[in-house]
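For reference, the structure is listed below as structure tokens.
Here you go:
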């Protein structure tokens, strides 16, 4: 019976393939720099997008604000901005009677800011 030759081989990981491809096609420094810049731009654009949602909520435009703030907030966003976005989302959700948005926002606030007096009050 022939032995399975692939059993002893280690699995190929996607990161290893990317490194080899970077070495063959171009310098790894350029590739890593491009990936870092792309992540910075994504983070800043999501922060600006969330800021816009918080601003709309503060002006009372809750339907427009919830269209932005109803999406999950990335972990890469500043903690204070996450707080303001979740608080605005909870308040707007209450004003337009969207219980699911309110519950999600309150869960996030209670998990990340359990001792905050405003979080305790709004909950």
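Numbering (my numbering), first residue to last: -17 to 105. Glycine included, each C-beta is placed from N, C-alpha and C at the ideal position. Here the structure is a predicted model, which means the values were calculated and not measured.
Original post:
Helix, strand or coil for residue 59 per DSSP?
Top reply: Reduced to three states, the DSSP call for residue 59 is coil.
Original post:
Under a three-way DSSP split, which group does residue 101 fall into?
Top reply: DSSP, reduced to helix, strand and coil, places residue 101 within a helical segment of the structure shown.
Original post:
Based on Cα-Cα distance, which residue from 44, 66, 55 lies nearest to residue 101?
Top reply: For the residues 44, 66, 55, the minimum Cα distance to residue 101 belongs to 66.
Original post:
Below 8 Å between beta carbons: does that hold for residue 40 and residue 59?
Top reply: The answer is no: Cβ separation not under 8 Å.
**OP:** Buried or exposed for residue 89, please, with buried defined as at least 16 other CB atoms from any protein chain shown within 10 angstroms of its CB.
**Re:** Around the Cβ of residue 89, a 10 Å sphere holds fewer than 16 other Cβ atoms; the residue is exposed.
Original post:
Apart from the five residues just before and just after residue 78, which ones in its own chain have a Cβ nearer than 8 Å to its Cβ?
Top reply: Closer than 8 Å at Cβ, skipping near neighbours: 44, 45, 48.
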